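From first to last, the protein sequence lines are chains A and B.
The first sequence begins at 292 in my numbering and counts up by one.
The second sequence begins at 292 in my numbering and counts up by one.
Backbone N, C-alpha and C define an ideal beta-carbon position, used for all residues, glycine too.
Note that the structure is predicted; figures quoted are calculated from it, not measured.
Accompanying notes for the structure given below.
There are 2 protein chains.
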Amino acid sequence: MTTPDFSFTLAGQDGQARAGLIATAHGKVPTPTFMAVGTAGTVKAMTADAVRATGAKIVLGNTYHLMLRPTAERVARLGGLHKMMDWPGPILTDSGGFQIMSLAKLRKLEEKGVTFRSHIDGTPYELTPERSTEIQHLLDSTITMQLDECTKFPATHKEAMDSMELSIRWAKRSRDAFVKRPGYGQFGIMQGNVYEDLRRHSAAALVDLDFEGYAIGGLAVGEGQAVMFEVLDYCTDFLPAQKPRYLMGVGTPDDLLGAVARGVDMFDCVMPTRAGRTARAFTSNGIFNMRNARFQDDSRPLDENCTCLCCTRHTRAYLHHLFRCEEMLGPMLLTIHNLTYYQNVMQGARAAILNKEYDAYCADVRGNWQRGPDA
Amino acid sequence: MTTPDFSFTLAGQDGQARAGLIATAHGKVPTPTFMAVGTAGTVKAMTADAVRATGAKIVLGNTYHLMLRPTAERVARLGGLHKMMDWPGPILTDSGGFQIMSLAKLRKLEEKGVTFRSHIDGTPYELTPERSTEIQHLLDSTITMQLDECTKFPATHKEAMDSMELSIRWAKRSRDAFVKRPGYGQFGIMQGNVYEDLRRHSAAALVDLDFEGYAIGGLAVGEGQAVMFEVLDYCTDFLPAQKPRYLMGVGTPDDLLGAVARGVDMFDCVMPTRAGRTARAFTSNGIFNMRNARFQDDSRPLDENCTCLCCTRHTRAYLHHLFRCEEMLGPMLLTIHNLTYYQNVMQGARAAILNKEYDAYCADVRGNWQRGPDA
């Protein structure tokens with residue numbers, strides 16, 4: 292069997308909302324899809340089997356974390372990230388740029404790239420578009436991201452333009468450094484902040500480089516959902532219909548529903564995993580804080596519509612107890628549930644798009660969020 | 292189907308070492324057996340499915356922790372500890388006494404029982420033999436332990452005698468308070484420190500109360516392995532052959548092998564779970580510290596003789612990486628492995644006893660511990 296080319300096939304559309312299928316060297320991903328974040332080669336608090344059981348088809352790895360520990364060269368010696376973390380399926384890796392700006396110390400941004408010191412031990416590093424691409428190759432990433440600068444928010448038109456243009460130059464260098472292999476892809480990242488002309492310009496320049504997919508960067512950085520949706524309203528139109536579109540770092544289930552309605556296919560966010568570790572549950576009936584004493588005698592499943600291990604085997608009262616006692620099983624079970632819930636929302640969205648009833652689906656899901664824990 | 296009586300059947304013996312089968316209302320337990328410690332209604336860092344996958348047939352719950360949170364009455368309302376923690380199999384609960392003495396504040400020991408303040412919020416509690424037995428009934432414990440006083444070490448003969456005699460009076464009150472149900476049992480706890488006459492006296496008094504099994508308490512409290520084995524050399528003889536014998540709070544795999552050789556059937560200890568959270572691995576080739584840099588490029592499985600999730604899916608290098616990054620998956624995987632290793636040692640012991648080759652088995656297992664990580 293030959294490895295399939297990296298491809299994206301549209302299976303259906305309802306308004307701007309798309310149902311598709313990404314085919315890769317490591318398997319297929321029905322879209323819209325949510326990618327669980329596996330920061331340092333592990334989706335926090337989850338075995339790989341548990342991640343699979345949520346319905347996840349693709350996970351994300353963080354170049355910044357992995358380049359520091361265990362290092363890209365070591366991951367390569369261990370046979371790549373898939374083998375290391377027991378995830379033979381598709382893996383998307385970010386470029387490292389975003390986390391350097393948020394986590395690293397003594398950052399210096401220049402035309403050639405970014406120099407910084409590790410937040411762990413102060414070791415100096417340089418990350419260029421070429422090195423970021425090489426690292427992702429060493430990790431054996433299924434989908435490599437270009438190195439970009441995530442423009443700060445708010446930014447003036449001039450600031451956003453300068454930053455966007457740097458990202459385009461880095462996109463070209465990243466693309467040149469990318470080693471093409473069957474079933475592997477590389478995504479360019481659109482920038483341009485909240486300026487339509489810049490988004491249009493950025494998209495056009497990236498499309499010229501013929502990436503296998505396109506990400507929308509520089510959103511979910513403080514602008515709020517309304518502004519994010521406004522930007523999405525126009526900027527997905529600038530991207531080719533026959534390539535996947537990935538909105539980086541987003542978001543709440545409500546954000547996902549709104550972005551899918553605006554033509555986005557892929558998402559990643561730490562929200563469901565981080566929330567799982569801090570007792571916040573995403574459910575069909577809204578968001579619950581499992582530390583709340585209202586749950587201490589609640590013998591119902593967390594979410595009666597969910598078939599995950601947490602919801603089929605345990606009660607809300609038990610989850611409450613585990614978080615009160617700071618038992619690791621609390622974060623473990625709630626991460627399982629939250630990721631399952633995100634996958635269920637995306638699977639439901641896909642089915643609804645194929646049935647041309649996406650608006651009704653969103654209205655139904657959103658309506659249920661108002662019901663609360665005693666529904 | 293009627294619930295079977297609580298029973299213990301000897302299946303084989305090799306010297307003093309015994310292979311048996313405990314039958315309970317919640318299932319059967321081949322012995323010798325190691326009970327994973329599920330302190331507050333969860334074996335730390337493990338789902339119940341993961342505990343089952345280690346081969347564990349019985350787990351232990353801590354009365355002290357559960358009486359504070361979520362409380363015995365709440366566990367009862369939630370359908371009992373089995374249902375709450377997704378463990379339909381046998382559960383043994385301790386009496387609470389040992390942890391009150393080690394954890395609680397402002398303890399006061401009197402004839403009627405112990406009064407103390409919770410180590411969590413200072414709330415005052417009283418634990419009597421009757422209340423301890425009632426709590427374990429509310430938890431729906433398969434095997435209830437009598438309330439005893441674990442004599443301090445070292446202790447004079449007089450101190451050990453007085454303490455042992457209090458434990459006997461509490462044994463009688465615990466036995467009177469125990470509600471007999473088919474398939475449920477209650478164990479008395481032998482005390483007497485390192486004094487043979489006291490151990491003999493304690494055992495005889497407990498046997499008069501006709502418990503379903505007998506524990507050996509007051510060991511593994513600082514006396515060292517040699518002294519512990521000396522005490523075991525005589526004190527298992529004081530216990531009836533047709534009842535299970537449980538050595539409380541023990542120990543290392545080497546302790547287990549030596550105690551089985553001296554006629555012990557059951558064990559519990561936090562060691563494999565606690566070690567799993569602190570990067571200490573129990574393996575066929577000895578004990579490793581997974582934080583050691585020697586493992587950073589070690590692509591071998593942790594223990595090539597082990598079929599657990601950790602050993603079949605991941606490398607030593609990955610475990611090392613997880614612990615360096617303080618990722619929860621490190622403790623999760625290593626707890627899975629350590630508990631599996633303990634179960635494997637006990638299963639191997641049982642098979643060896645049935646084959647009358649227990650000494651050779653111990654020599655082989657102990658020999659392999661000397662090999663170290665590079666074997």
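Let me know if residue i comes out buried or exposed under the rule of 16 or more other beta-carbons within 10 Å of its beta-carbon.
i         : result
Glu-440/B : buried
Lys-335/A : buried
Asp-655/B : exposed
His-448/B : exposed
Ala-651/A : exposed
Gly-663/B : exposed
Gln-482/A : buried
Ser-454/B : buried
Gln-427/A : buried
Gly-413/B : exposed
Glu-595/B : exposed
Thr-598/A : exposed
Do the CB positions of residue i and residue j come within less than 8 Å of each other?
i         : j         : result
Ile-627/B : Ala-341/B : yes
Thr-300/A : Gly-311/A : yes
Gln-307/A : Thr-543/A : no
Thr-322/B : Arg-309/B : yes
Gly-509/A : Asn-484/A : yes
Arg-491/A : Phe-529/A : yes
Leu-438/B : Gly-387/B : yes
Asp-588/B : Ala-608/B : yes
Lys-396/A : Phe-389/A : no
Asp-545/A : Arg-657/A : yes
Rank the options by C-alpha distance to the C-alpha of residue i and give the top, closest one.
i         : options                                    : result
Ile-411/B : Ala-496/B, Gly-479/B, Arg-360/B, Leu-429/B : Arg-360/B
Glu-425/A : Gln-477/A, Phe-579/A, Gln-390/A, Thr-414/A : Gln-477/A
Met-562/B : Met-581/B, Val-541/B, Asp-589/B, Thr-574/B : Val-541/B
Arg-464/A : Tyr-486/A, Met-436/A, Arg-472/A, Phe-529/A : Met-436/A
Cys-602/A : Ser-393/A, Ala-532/A, Gly-621/A            : Gly-621/A
Ile-480/B : Arg-466/B, Gly-474/B, Lys-471/B            : Arg-466/B
Ser-423/B : Met-358/B, Phe-614/B, Ala-446/B, Thr-631/B : Met-358/B
Gly-549/B : Cys-653/B, His-356/B, Arg-565/B, Ala-494/B : Cys-653/B
Ala-511/B : Asn-635/B, Leu-538/B, Gly-639/B            : Leu-538/B
Gly-332/B : Asn-629/B, Lys-471/B, Thr-362/B            : Thr-362/B
Glu-521/A : Arg-553/A, Thr-419/A, Ala-302/A            : Arg-553/A
Ala-367/A : Ile-434/A, Ala-344/A, Leu-429/A, Ser-409/A : Leu-429/A
Ala-666/B : Ala-517/B, Ile-578/B, Gln-516/B            : Ile-578/B
Met-375/B : Leu-625/A, Pro-592/A, Ile-349/A            : Pro-592/A
Can you list, in chain order, the residues of its chain with a C-beta nearer than 7 Å to that of residue i? Leave out the 5 residues immediately preceding and following it.
i         : result
Asp-377/B : Ala-339
Asn-659/A : Ser-575, Asn-576
Phe-614/A : Ala-570, Met-581, Arg-582, Gly-621
Val-551/A : Ala-308, Pro-323, Ala-640
Taking 8 Å as the limit between beta carbons, can you name the residues of its chain near residue i, skipping five residues before and five after?
i         : result
Leu-351/B : Met-326, Ala-327, Val-328, Gly-329, Ile-382, Leu-383, Thr-384, Asp-385, Asp-559
Lys-534/A : Phe-299, Phe-502, Glu-503, Gly-504, Tyr-505
I need the DSSP call for residue i, collapsed to helix, strand or coil.
i         : result
Gln-477/B : strand
Ser-298/A : strand
Pro-415/A : strand
Asn-580/B : strand
Pro-544/B : helix
Thr-574/B : strand
Phe-325/A : strand
Arg-615/B : helix
Pro-650/B : The sequence given here has Asp at residue 650/B, not Pro. Note: Asp-650/B maps to helix in three-state DSSP.
Gly-352/A : strand
Tyr-486/B : coil
Gln-304/B : strand
Leu-438/B : coil
Val-512/B : coil
Ala-557/A : Note on identity: in this sequence residue 557/A is Met, with Ala being the wrong assignment. Residue state, collapsed to three classes: strand.
Thr-338/A : coil
Leu-610/A : helix
Thr-384/A : strand
Identify, in the order they occur along the chain, each residue of the same chain with its Cβ nearer than 6 Å to the Cβ of residue i, setting aside the five sequence neighbours on each side.
i         : result
Ile-459/B : Ala-496
Glu-450/B : none
Met-623/A : Ala-336
Glu-487/A : Tyr-525
Tyr-633/A : Phe-325, Pro-563
Thr-442/B : Ala-451, Ser-454, Gln-482, Asn-484, Gly-509
Which residues of chain D have a Cβ atom closer than 9 Å to the Cβ of residue i, listed in chain order?
i         : result
Lys-396/A : Included in the structure are the protein chains A and B, with no chain D among them.
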